[in-house]
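Worksheet: the structure to be examined is printed underneath.
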Amino acid sequence: MKGLIVKDLFFILFFYGLLLCIFIRFRFHGFIRGMTHYQ
2 MKGLIVKDLF FILFFYGLLL CIFIRFRFHG FIRGMTHYQ
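Taking the numbering used here, the leading residue of the sequence shown gets 2, the next gets one more, and so forth.
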């Protein structure tokens, strides 16, 4: 943790935020597809 810079921290936060956004979008699309499928 000694060589951790603010830039690296920003990169890690950005990477995990992007991953979370993609995951939530896929789950949301699957949820909407399931709802329209059951109607």
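Beta carbons: idealized from backbone N, C-alpha and C, even for Gly.
All values reported here derive from a predicted model rather than from experimental measurement.
Straight-line CA distance for residue i to residue j?
i, j, result
"Lys8", "Tyr17", "14 angstroms"
"Phe15", "Arg34", "28 angstroms"
"Phe27", "Ile6", "32 angstroms"
"Thr37", "Leu21", "24 angstroms"
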